[in-house]
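Trainee: Read in order, the letters of the sequence shown are residues 0 to 76 in numbering that gives the first Met the number 0.
Note that beta-carbon positions come from the ideal geometry of N, C-alpha and C, so glycine has one too.
Since the model is a prediction, treat every value here as computed from it, not as a measurement.
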Amino acid sequence: MRKALPADAKLAKDAQECMQQCVSEFVSFIASEAAENAQREKRKTVTGDDILVALKQLGFENYGEVLRVYLSKLRDL
């Protein structure tokens, strides 16, 4: 998180903890939707594509585009 802030910025501990809780909740929210998608398709394993679909379904298409590029590069390794 510090990388996103100016070098001279200070970050209160409670602000950092709040951000960590928000990120954890966001990840759980997306993972839950992705797991439901996999379950509907009678699969036990959640894939990267399930995450992309979940992001789109939940209105986070902008994150999906970035993740799609990353996932493509990861698959090319």
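So, using beta-carbon positions, are residue 62 and residue 70 closer together than 8 Å?
Mentor: Cβ atoms of residue 62 and residue 70: not closer than 8 Å.
Trainee: Is it true that the stretch 31 to 50 meets the stretch 13 to 22, where meeting means three or more beta-carbon pairs spaced less than 8 Å apart?
Mentor: No, the stretch 31 to 50 is not in contact with the stretch 13 to 22.
Trainee: Whole angstroms is fine: what's the gap from residue 29's alpha carbon to residue 64's?
Mentor: Each residue's alpha carbon lies about 15 Å from the other.
Trainee: Using the Cα positions of residue 67 and residue 46, report the straight-line distance between them to the nearest angstrom.
Mentor: Each residue's Cα considered, the two are about 12 Å apart.
Trainee: Taking only runs of the beta strand (DSSP E) that begin and end inside the stretch 6 to 34, which ones reach a length of at least 3 residues, in chain order?
Mentor: List check, beta strand (DSSP E) in window: nothing returned.
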